[in-house]
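Protein chains: 2
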Amino acid sequence: MKRVKLTVAYDGTNYCGWQVQPNGITVQEVLNQCLSEFTGENIETIGASRTDAGVHALGNVAVFDTEMRMPGDKFSFALNQRLPEDIRIQKSEEVDADFHPRYVKSQKTYEYRILNCRFPIPTERFYSHFTYIPLDVDKMKEAASYLIGEHDFKSFCGTGAQVKTTVRTVKEIQIEKSGDRITIRITGEGFLYNMVRIIAGTLMDIGGGLYPPEKMKEILEAKDRKKAGPTAPARGLTLMKIQYF
Amino acid sequence: MKRVKLTVAYDGTNYCGWQVQPNGITVQEVLNQCLSEFTGENIETIGASRTDAGVHALGNVAVFDTEMRMPGDKFSFALNQRLPEDIRIQKSEEVDADFHPRYVKSQKTYEYRILNCRFPIPTERFYSHFTYIPLDVDKMKEAASYLIGEHDFKSFCGTGAQVKTTVRTVKEIQIEKSGDRITIRITGEGFLYNMVRIIAGTLMDIGGGLYPPEKMKEILEAKDRKKAGPTAPARGLTLMKIQYF
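In order, the protein sequences belong to chains A and B. For reference, each letter of the first sequence is one residue, going 1289 to 1533 in this note's numbering. For reference, each letter of the second sequence is one residue, going 1289 to 1533 in this note's numbering.
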């Protein structure tokens, strides 16, 4: 028996998110089926991040246990032959039998992409959020600076989430503008439900001039979801990578 | 009566190219229908570039004549309300009644995008060509330099094309690598059928080490389609812009 770690990229457009659920097809379900057929075993993967419906990933992580003698690094090739083209294993490797992708300390990086011009660009419609309201990136950067470090991010936690604590650490937020494209890149040790999308929605409110940048501090301190901006649409979000320590 | 020029962006994935044809739905057909419904007239647009099935555009150009009194710049808003989300008018403006998008002197810029890594990235599958063969960008740049200027591009002309002359002028070819992404950007005053895709296919052959860069000169001088590389897949190609003089 060995444990194999997969680095999984997917286009989330046609999936009801990562985690197996009764109402629709999920990335994890397709991966479990594919692995079960390939190995002849009943495989249930354990995922690192339960991304929402419509959210994309370049580097989500999943592990599974198998009796197969195939070397860990060969699973990527075998699975990519069988998976639909909106899911691709980027890497496979054998890990310690007790490695758990959610309980081992890690750092996640997300990107939220915004297309900011007069009209949408069709080829980017599934992978960025479009807004014609001109966004001031300098204001967004100033607002983002209040979020760096360890804080109670309760104002940025989606309702319905069950967590012991809403304290999290945001290590870095980079905001870059290139032509009509704005990318918000957030790295942290763990995120609350919808946290990146609520931060993105609030930064867009501030970039659009609805509030001054200092308002972000007030929103953070309020510890009240209703004070923050809207949850930005899923299509703009991509889980870029997960680093384990 | 006035003539309106449209700058048209589209995701070519689900279309049989630009030009109206009996075998499948095209961008021009959708645009003609949309314009005819909106104006109540029988509109037939004239397009600048008849892009192939699966090719994308950020800035193709089309014109049409209408009796409508609406100012030229308002058509973009009205049409974008009615078009499917894989077609978006980026700009509309009134032009001289004799402006013809193919007969007025112009310069076109195309981008051919390549994803060059071990495994495909699902979110890029419709908008770039994937190859795992490592490409040497310096060799591609050297090879591309032989194509700059006025030449007989017969070796890079798709079979079945009916043209008076295969002499064309390539003004610029830029090849950039950013991470795993390689972009070939070509600007010229006119292109032969499949010319950009055959150039891209030949540059990939050279970048992958099949021929040395100097071979490009030999291919050009042979004036023989069979000497050049394969026609690179449509999904990697985007018509970026058309500039009129």
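Heads up, the beta-carbon is just placed ideally off N, CA and C, and yes, glycines get one too. Since we're looking at a predicted model, the values are computed, not measured.
Look up A:Leu1367 in the DSSP assignment and give the residues it is bridged to. In the first sequence, residue 1367 of chain A corresponds to position 79, counting from 1. Paired residues: none, contrary to the question.
Coil, strand or helix - B:Phe1418 by DSSP: In the second sequence, the residue the question calls residue 1418 of chain B occupies position 130. Correct three-state label for B:Phe1418: strand.
Taking Cβ positions only, does B:Arg1401 come closer than 8 angstroms to chain A? On the second sequence, residue 1401 of chain B is found 113 positions in, with the first residue counted as 1. For B:Arg1401, the answer is no, since every Cβ of chain A falls outside 8 angstroms of its Cβ.
Step through the CB atoms of chain B and report whether any lies within less than 8 angstroms of the CB of A:Gln1378. The residue you call residue 1378 of chain A lines up with position 90 of the first sequence. Yes, A:Gln1378 lies at the interface with chain B (some Cβ there is under 8 angstroms from its Cβ).
Under 7 angstroms Cβ-Cβ, which residues of chain B neighbour A:Tyr1415? Numbered from its first residue, the first sequence carries residue 1415 of chain A at position 127. The answer, in chain order, is Thr1411.
Is A:Ala1297 close to chain B, meaning its C-beta is less than 8 angstroms from at least one C-beta of that chain? Position 9 of the first sequence holds residue 1297 of chain A. Judged by the 8 angstroms Cβ criterion, A:Ala1297 is in contact with chain B.
N-terminal and C-terminal residue of the beta strand (DSSP E) that A:Leu1498 is part of: If you number the first sequence from 1, residue 1498 of chain A lands on position 210. Where A:Leu1498 is concerned, there is no enclosing beta strand (DSSP E), given that its DSSP letter is neither H nor E.
Does the beta carbon of B:Phe1387 come closer than 8 angstroms to any beta carbon on chain A? In the second sequence, counting from the first residue as 1, residue 1387 of chain B sits at position 99. No, B:Phe1387 lies away from the interface with chain A (no Cβ there is under 8 angstroms from its Cβ).
So, is A:Ala1297 buried or exposed, given that buried needs 16 or more other C-beta atoms within 10 angstroms? Sequence index remark: in the first sequence, residue 1297 of chain A carries index 9 (1-based). Buried, since its Cβ has 16 or more Cβ neighbours within 10 Å.
Do you know how far the Cα of B:Glu1412 is from the Cα of A:Leu1514? By 1-based counting over the first sequence, the position of residue 1514 of chain A is 226. By 1-based counting over the second sequence, the position of residue 1412 of chain B is 124. With the sequence shown as reference, residue 1514 of chain A is identified as Lys, and Leu is not the correct amino acid for it. Roughly 36 angstroms separates the two Cα atoms.
Contact between the stretch 1407–1424 of chain B and the stretch 1490–1497 of chain B is defined here as three or more beta-carbon pairs at a separation below 8 angstroms; is this criterion met? yes
Hey, does B:Glu1477 have any beta-carbon neighbour from chain A nearer than 8 angstroms? Within the second sequence, residue 1477 of chain B is the residue found at index 189, counting from 1. For B:Glu1477, the answer is no, since every Cβ of chain A falls outside 8 angstroms of its Cβ.
A:Glu1355, buried or exposed, once every other Cβ within 10 Å from all chains shown has been counted against 16: Here residue 1355 of chain A refers to the residue found at position 67 when the first sequence is read from its first residue. Its Cβ having fewer than 16 others within 10 Å, A:Glu1355 is exposed.
Any idea if B:His1388 is buried or exposed, counting beta-carbon neighbours within 10 angstroms, 16 or more meaning buried? To locate residue 1388 of chain B, count along the second sequence from 1; it is residue 100. The residue is exposed, with fewer than 16 neighbouring Cβ atoms inside 10 Å.
Give the list of continuous beta strand (DSSP E) stretches no shorter than 3 residues that lie fully inside the stretch 1345–1410 of chain B. 1375–1383 and 1394–1403
Could you tell me if the beta carbon of A:Met1428 falls within a distance shorter than 7 angstroms of some heavy atom in the ligand FMN? No copy of the ligand FMN appears in this structure; indeed no ligand is present at all.
Counting only Cβ-Cβ distances shorter than 8 angstroms, please list the residues of the stretch 1344–1364 of chain B near chain A, keeping chain order. His1344, Leu1346 and Ser1364
Cα-Cα separation, A:Glu1502 to A:Pro1521: Numbered from its first residue, the first sequence carries residue 1502 of chain A at position 214. Numbered from its first residue, the first sequence carries residue 1521 of chain A at position 233. Looking at the two C-alpha atoms, the distance is approximately 24 angstroms.
Taking the Cβ atom as the reference point for each residue, do A:Leu1371 and A:Val1455 lie within a distance shorter than 8 angstroms? Within the first sequence, residue 1371 of chain A is the residue found at index 83, counting from 1. Within the first sequence, residue 1455 of chain A is the residue found at index 167, counting from 1. The answer is no: Cβ separation not under 8 angstroms.
At what residue ranges does the stretch 1456–1497 of chain A contain a whole run of the beta strand (DSSP E), taking only runs of 3 or more? 1469–1476
Any C-beta of chain B under 8 angstroms from that of A:Pro1422: By one-based count along the first sequence, residue 1422 of chain A stands at place 134. No, its Cβ sits nowhere closer than 8 angstroms to a Cβ of chain B.
Touching or not, the stretch 1375–1393 of chain B and the stretch 1455–1465 of chain B, by the rule of three or more beta carbon pairs under 8 angstroms? no
Sort out for me which residues DSSP pairs B:Ile1334 with in a bridge. As a working mapping, residue 1334 of chain B is identified with position 46 in the second sequence. Note: B:Ile1334 sits in a beta bridge opposite B:Val1351.
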